[in-house]
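Down below is the structure, laid out as structure tokens.
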Amino acid sequence: VKPHEILLIADGMTGQDAVRIAKGFHDALGVTGVILTKMDGDARGGAALSIYGVTQAPIKYVGVGEKLDALEPFIPDRMAGRILQQGDILTLVEKAQVAVDEKEATRLAKKVTSKKGLDLEDFLRAMRQIQKLGPLKNVLGLLPGMSPALLKDANVSEDRVKHVEAIVLSMTPKERAEPDVLNGSRRLRIAKGSGRTVQEVNTLLSQFKQMKKMMKGAGKGGFNLPFGPGFPS
Numbered sequence: 562v563k564p565h566e567i568l569l570i571a572d573g574m575t576g577q578d579a580v581r582i583a584k585g586f587h588d589a590l591g592v593t594g595v596i597l598t599k600m601d602g603d604a605r606g607g608a609a610l611s612i613y614g615v616t617q618a619p620i621k622y623v624g625v626g627e628k629l630d631a632l633e634p635f636i637p638d639r640m641a642g643r644i645l646q647q648g649d650i651l652t653l654v655e656k657a658q659v660a661v662d663e664k665e666a667t668r669l670a671k672k673v674t675s676k677k678g679l680d681l682e683d684f685l686r687a688m689r690q691i692q693k694l695g696p697l698k699n700v701l702g703l704l705p706g707m708s709p710a711l712l713k714d715a716n717v718s719e720d721r722v723k724h725v726e727a728i729v730l731s732m733t734p735k736e737r738a739e740p741d742v743l744n745g746s747r748r749l750r751i752a753k754g755s756g757r758t759v760q761e762v763n764t765l766l767s768q769f770k771q772m773k774k775m776m777k778g779a780g781k782g783g784f785n786l787p788f789g790p791g792f793p794s
């Protein structure tokens, strides 16, 4: 057998152990490239430099999830930005160009700056657009300043996203368009219909109101995701 490539798949979370493993494989087989996995976890990618140092084999891909589309080409300057918590906006833009519906994004942008602003139906549609970019934790990890500790504190699991979606889908079209009509009995009905608690419904509505206010001055800073800290799991 004469393979064109001999690729070593290295666990990005093993740290210096990865160097020992890489050296052993390279001495035995002559590794021509490396795939670094689990880069969506707490690993910062420092092992990439050490592995290259002992094998002189290029890092070809990084794995940032469990699905096939979570395998990304390794681009050194972008990975350096992630390691230094400077973000990777170019990768985020590329993902958006492929996954996001341009017409829908334009519609939502106009709605944000309109007098009424976004309603819960718009929010649901925007959340679904964001989901197309991949796991939310990975998307946030591409933003500047997002350290592993911050991502852990944000607690933005896919289950939480589903819980928010279930709550919004349990509302009537009128309730999504006019959240102010949601009195106690309506909130109780929504909680029962979504399988969540009234507290979760209240938290979502409260954070949605905060988000709307902050998005009016979008250039002044970010906003809290309505399934971040404070939203029960």
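First residue of the sequence shown: 562, per the numbering used here; consecutive thereafter.
Yeah, the Cβ is synthetic: ideal placement off N, Cα and C, and Gly gets one too.
Keep in mind that this is a model prediction, so the values were computed, not measured.
Length of the line joining the Cα atoms of residue i and residue j
i: residue 615; j: residue 631; result: 26 Å
i: residue 687; j: residue 751; result: 21 Å
i: residue 723; j: residue 740; result: 20 Å
i: residue 769; j: residue 677; result: 14 Å
i: residue 673; j: residue 585; result: 55 Å
i: residue 626; j: residue 692; result: 14 Å
i: residue 671; j: residue 592; result: 52 Å
i: residue 733; j: residue 747; result: 10 Å
i: residue 562; j: residue 628; result: 29 Å
i: residue 759; j: residue 663; result: 35 Å
i: residue 767; j: residue 744; result: 13 Å
i: residue 637; j: residue 564; result: 26 Å
DSSP-derived helix/strand/coil call for residue i
i: residue 564; result: coil
i: residue 630; result: helix
i: residue 591; result: coil
i: residue 764; result: helix
i: residue 749; result: helix
i: residue 582; result: helix
i: residue 728; result: helix
i: residue 616; result: helix
i: residue 679; result: coil
i: residue 623; result: strand
i: residue 667; result: helix
i: residue 575; result: coil
i: residue 610; result: helix
Same chain, Cβ closer than 6 Å to residue i, neighbours up to 5 away in sequence not counted
i: residue 577; result: none
i: residue 620; result: 595, 597, 609 and 635
i: residue 623; result: 597, 600, 633 and 635
Selection from the options that minimises the alpha carbon distance to residue i
i: residue 600; options: 585, 591, 584 and 571; result: 571
i: residue 566; options: 583, 580, 590 and 694; result: 590
i: residue 762; options: 625, 774 and 749; result: 749
i: residue 755; options: 726, 618 and 611; result: 726
i: residue 580; options: 588, 592, 611 and 676; result: 611
i: residue 721; options: 757, 592 and 617; result: 757
i: residue 774; options: 582, 593, 675 and 637; result: 675
i: residue 728; options: 745, 694, 744 and 765; result: 765
Contacting residues, own chain, Cβ-Cβ under 8 Å from residue i (five flanking each side not counted)
i: residue 738; result: 680, 681 and 682
i: residue 742; result: 735 and 736
i: residue 669; result: 679, 683, 686, 687 and 690
i: residue 587; result: 569, 615, 616 and 618
is_contact[residue i, chain C] using C-beta, thresh 8 Å
i: residue 631; result: The displayed structure is made up of one protein chain only, and chain C is not part of it.
Contact set for residue i: own chain, Cβ-Cβ below 7 Å, skip 5 residues either direction
i: residue 666; result: 690
i: residue 731; result: 751, 754 and 755
Distance cut-off 7 Å: residue i Cβ against heavy atoms of the ligand SAM
i: residue 727; result: With respect to small molecules bound, the structure shown includes none, and the ligand SAM cannot be examined in it.
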